[in-house]
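Below is one structure, written out as C-alpha cells, with a few remarks after it.
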Amino acid sequence: MGSPISCETFLERARARFGDRYDYGGIVYKSYKTPIAIHCRLHPVKLIAITPEKHLQTTGGCKFCLRQSRIRMLERELQRDAVDRPDRLASSSPAPTLPGPAILEASSAAQLTERVRQSASRTD
Ligand SMILES: [Zn+2]
C-alpha cells in the first residue's frame, strides 16, 4: 500500500475532496487510522471524531451533511420519477375509450364493470 499517509497528504486529499467544508485546524494527526477531531463548517455544533481514512472514504463524517446528501438523492430520484411518468404515458398506447353503443348494450352494471376491467388490462 506504499508509505503511510502523512498529515500533509491527508489534508491535501481532504481539501481536494471536501474543499472548505471541514475545519482541520484543531486536529492532532497521529496516523491514517488514528481518529482525529474535526468540525463541519456547516454544522459546527458537533465535533466529529473520525479516522483520516474513514474521513476520505465517506461523506466526511458529518451526520447532518450525510442526511442532507441522502435527502438530495431522494429528491433527485423523485424528480426523475416525475419526469419519467409522462414519458411512459406518451409511449404507451392511449387508453381505449369505451364506445358509446357498448355502454348502452351493457345490460347490467356487472357487465359494464367487466368491460372497463378488460379495457384497462389491455393497456398493461
Ligand atoms: Zn455538516
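Numbering of the sequence shown is given in our numbering, commencing with residue 669 and proceeding in unit increments. C-beta atoms are modelled at their ideal positions from N, C-alpha and C, and glycine is treated no differently.
Practice item. Look at the alpha carbon of Y690 and the alpha carbon of V751, and state the distance between them as a whole number of angstroms. Key: The C-alpha of V751 is placed about 35 Å away from the C-alpha of Y690.
Exercise for the section: Take E676 and list the residues in its own chain whose beta-carbon comes closer than 6 Å to its own, dropping the five residues that flank it on each side. Expected result: Cβ within range, chain order: n/a, list empty.
* To do: Could you tell me whether any non-hydrogen atom of ligand 1 is closer than 6 Å to the CB of F678?
  => Outside the cutoff, so no.
message = Residues in the same chain with beta-carbon distance under 7 Å from I771, minus the five sequence neighbours each way, listed in chain order, please.
response = With a pLDDT of only 49 at I771, under 50, the local geometry of the prediction cannot be trusted, and the value read off the model is given with reservation. Listed in chain order, the non-local C-beta contacts of I771 below 7 Å within the same chain comprise L780, local neighbours out to five positions each way being set aside.
Rounded to whole angstroms, what's the CA-CA distance from L734 to R740? Just pull it up for me. Straight-line Cα distance between these residues: approximately 10 Å.
Check your understanding: Does the beta-carbon of G687 have 16 or more other beta-carbons within 10 angstroms, so that it is buried, or is it exposed?
Key -> Within a 10 Å sphere around the beta-carbon of G687 sit fewer than 16 other beta-carbons, which makes this residue exposed.
Quiz prompt | Same chain, Cβ closer than 7 Å to R709, five either side skipped, listed in chain order | solution = Counting only Cβ-Cβ distances below 7 Å, and skipping sequence neighbours, we find D688, R689, Y690, D691.
ask   = How is the alpha helix (DSSP H) around C730 delimited, first residue to last?
value = For C730, no alpha helix (DSSP H) encloses it, and the DSSP letter there is neither H nor E.
Q) Helix, strand or coil: how does DSSP classify H707 here? A) The DSSP-derived three-state label of H707 is strand.
- Is K701 near E721, with beta carbons less than 7 Å apart? Contact flag set, yes.
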